Every structure is written in C-alpha cells, then in structure tokens.
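For the sequence shown, our numbering begins at 120 and goes up steadily by one. What follows is a short report on a single structure.
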Amino acid sequence: MNPHSDRLTTGDGRNALRMERRLAHPPAKVWAAITDPAQIGRWFPSEVTVELRPGGAMTFSMPGVSGVAMTGAVTDAEEPRLFAFTWGEDHLCWEITPDGDGSLLTLVHTFGDRFGGASFASGWHLCLTALSQLLDGEPTAVPRDTGELHEAYVEQFDLGQGVIEDTPEGPRVRFERQLVRPAETVWAALTSGNDPAVGAPAPEGFTAGQVPAGPVTEAAAPSVLAYRWHPEGTVRWELGRGTGHGARLVLTQTGPRGFAADAARNAWHERIQHLAARLLEN
Numbered sequence: 120m121n122p123h124s125d126r127l128t129t130g131d132g133r134n135a136l137r138m139e140r141r142l143a144h145p146p147a148k149v150w151a152a153i154t155d156p157a158q159i160g161r162w163f164p165s166e167v168t169v170e171l172r173p174g175g176a177m178t179f180s181m182p183g184v185s186g187v188a189m190t191g192a193v194t195d196a197e198e199p200r201l202f203a204f205t206w207g208e209d210h211l212c213w214e215i216t217p218d219g220d221g222s223l224l225t226l227v228h229t230f231g232d233r234f235g236g237a238s239f240a241s242g243w244h245l246c247l248t249a250l251s252q253l254l255d256g257e258p259t260a261v262p263r264d265t266g267e268l269h270e271a272y273v274e275q276f277d278l279g280q281g282v283i284e285d286t287p288e289g290p291r292v293r294f295e296r297q298l299v300r301p302a303e304t305v306w307a308a309l310t311s312g313n314d315p316a317v318g319a320p321a322p323e324g325f326t327a328g329q330v331p332a333g334p335v336t337e338a339a340a341p342s343v344l345a346y347r348w349h350p351e352g353t354v355r356w357e358l359g360r361g362t363g364h365g366a367r368l369v370l371t372q373t374g375p376r377g378f379a380a381d382a383a384r385n386a387w388h389e390r391i392q393h394l395a396a397r398l399l400e401n
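Put into structure tokens, the structure is as follows:
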C-alpha cells in the first residue's frame with residue numbers, strides 16, 4: 120500500500136480525500152468485507168449497522184461507548200462495484216474495480232474540515248491496512264499512529280502553510296494546524312512548565328523571530344495566550360478541539376498596515392514546524 124499516491128483536493132467549500140489500494144482478492148470478496156457489518160467491525164473505525172440499499176439507514180457506534188451513535192444513509196449500493204453513504208456531514212464512496220486477479224479499491228472521503236485532512240488520511244490508511252489483513256486471513260493488528268504518519272500527511276497535503284488576510288484594520292497572518300498531542304501537552308511545551316501571567320512578557324515558546332515578546336493580555340491555560348507585540352498589533356494562540364490526534368491550533372498575528380506580514384508568516388511557519396517536531400518526541 121502506497122500512501123504517497125493519496126490526494127487531497129478542495130473545491131466549493133468541500134474537501135475530497137482520494138485513496139487507492141490494490142487488494143489481492145476479487146471484487147466479490149472485497150464487497151463483502153466493506154458491506155457486511157460483521158466484517159466491517161474488524162477494520163472500520165466504528166461498529167456499523169446498515170440497510171444495504173439506496174436510502175437505507177446506517178448507524179455508527181464507537182466500540183465500548185454506549186448511548187452515543189452517529190447516523191447516515193446509503194447513497195449507492197451496486198454490488199460488487201459501488202458502496203457509498205453519508206456519515207454525519209461527511210460522504211464516503213467506496214469503488215471496487217477488477218485489477219488482474221485482484222481488485223483496486225478507491226475511497227473518496229468528502230468533508231468540510233480541510234485541516235483535518237491529515238487525521239482522516241492517517242486513520243484511513245491504518246483502516247485500509249487492517250482491511251487488507253482481514254482479506255488475507257491474518258489478524259487485524261495495526262499499531263496506532265503515534266504522530267509520524269499524521270505529520271507525513273500534513274507535509275504531503277501542504278497543510279502547514281499560513282495565509283495573509285486583509286482586514287479593515289490591516290493585514291492578519293493566520294495559521295490553522297492540527298497537532299498530534301492534547302492541549303495540555305502542547306501548552307506545557309510552549310510554556311516550559313511556567314504558566315504566563317497577564318502583564319508579564321510572553322514566554323519565548325509563544326514568540327517567533329522578529330516578533331517582540333510584548334505583555335500578555337490574556338492567558339487561560341491550556342487554551343488561550345494573547346499578547347501585544349506592537350501598539351497596533353497582537354498575537355493570539357488558541358488551542359481547541361481537533362480531529363483524532365490532539366488539539367487544533369489557530370494562531371493569528373495582527374499589525375498596522377505596512378508591517379512585514381510575509382516575513383512574519385515565514386517566521387511563524389518555522390516556529391510551528393519546530394513545535395510539531397517537538398511534540399513527536401513526547
């Protein structure tokens with residue numbers, strides 16, 4: 120299985136993750152593995168019930184979690200070629216085509232949260248690995264991703280770049296980045312164990328090159344740190360709920376018109392990359 124062929128595209132406010140895997144089994148056997156709830160539960164991220172017909176109801180329950188289930192509906196069911204369904208606001212399309220003495224399985228996952236793309240891709244890669252093991256008659260034992268696979272997809276899909284936004288007050292540099300550790304771990308890495316105080320200089324971990332460590336204006340561990348780096352500019356770190364792996368970081372820097380936004384974006388990119396690499400060590 121080659122994850123380097125996986126692609127993430129964006130259009131009309133939606134994102135499509137496309138993953139192809141060659142399986143050494145005929146389409147009928149692959150079809151059964153992706154539509155039979157007894158088999159799905161051995162490789163899919165949740166337990167599933169399904170009425171296998173267009174419009175049929177589906178439920179998704181996490182193993183060991185009672186009373187909480189998501190719902191969906193079958194949109195396509197053409198044995199043994201096409202199985203597609205909604206899962207909450209997402210859409211999953213599984214297409215099986217003959218490929219020699221085996222099959223080519225193509226998954227297209229359509230969703231809204233672009234910055235969750237690396238989490239989805241790393242999760243599906245592990246699921247597809249388990250599916251291959253199931254079809255081969257082997258135990259479905261796949262080690263969980265400790266972050267390395269996720270970060271490889273961040274780089275592959277170019278999800279680590281920031282943007283410069285024009286606002287009435289001046290330019291704003293903005294980064295959104297899915298991290299691989301919970302907010303408490305990220306906060307500890309940024310503060311080096313010393314919680315910041317309002318009015319004190321911002322800790323070094325929250326700064327980047329050419330951005331002065333001005334006075335902290337807001338501090339709420341482990342979710343928010345804001346400080347003023349210029350009379351007309353602020354830096355704000357927010358750590359919120361993410362997808363799969365850990366916290367979602369949103370970092371913004373505002374400033375007066377004419378401030379070196381390009382240089383700031385480059386500096387913050389380097390800073391966040393360093394943070395992401397450090398988190399892999401924890």
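All residues carry an ideal CB built from backbone N, CA and C; glycine is no exception. None of the values given here were measured: they were computed from a predicted structure.
- At the C-beta level, Thr-205 and Gly-191 come within 7 Å of one another.
- Annotation for Pro-146: the continuous alpha helix (DSSP H) segment containing it runs 146-154.
- Within the DSSP secondary-structure output, Phe-294 pairs in a beta bridge with Leu-370.
- Residue environment analysis places Gln-280 among the exposed positions, since fewer than 16 neighbouring C-beta atoms fall within 10 angstroms of its C-beta.
- The Cβ atoms of Pro-217 and Pro-146 lie closer than 7 Å to each other.
- When beta bridges are read from the DSSP output, Pro-350 appears opposite no residue.
- A residue is called buried when at least 16 other Cβ atoms come within 10 angstroms of its Cβ; Ala-157 does not meet this threshold and is exposed.
- Contact check for Arg-300 against Leu-398 passes: the beta carbons are separated by less than 7 Å.
- A straight-line Cα-Cα distance of about 6 Å links Phe-294 and Thr-371.
- A straight line joining the alpha-carbon of Ile-153 with that of Arg-291 spans about 45 Å.
- Under the 10 Å beta carbon count, Ile-391 is surrounded by 16 or more other beta carbons and is classified as buried.
- Counting along the chain, Phe-325 sits inside no beta strand (DSSP E), nor does DSSP assign it H or E at all.
- By the CB criterion at 7 Å, Glu-351 and Pro-375 fall inside the cutoff.
- Sequence-distant Cβ neighbours of Ala-188 in its own chain, meaning closer than 7 Å and more than five residues away, are Thr-178, Phe-179, Ser-180.
- Per DSSP, the continuous alpha helix (DSSP H) segment holding Asn-385 begins and ends at 380-399.
- By the 16-neighbour rule on beta-carbons within 10 angstroms, Pro-322 is buried.
- In this structure, Leu-136 lies away from Phe-234, with their beta-carbon atoms at least 7 Å apart.
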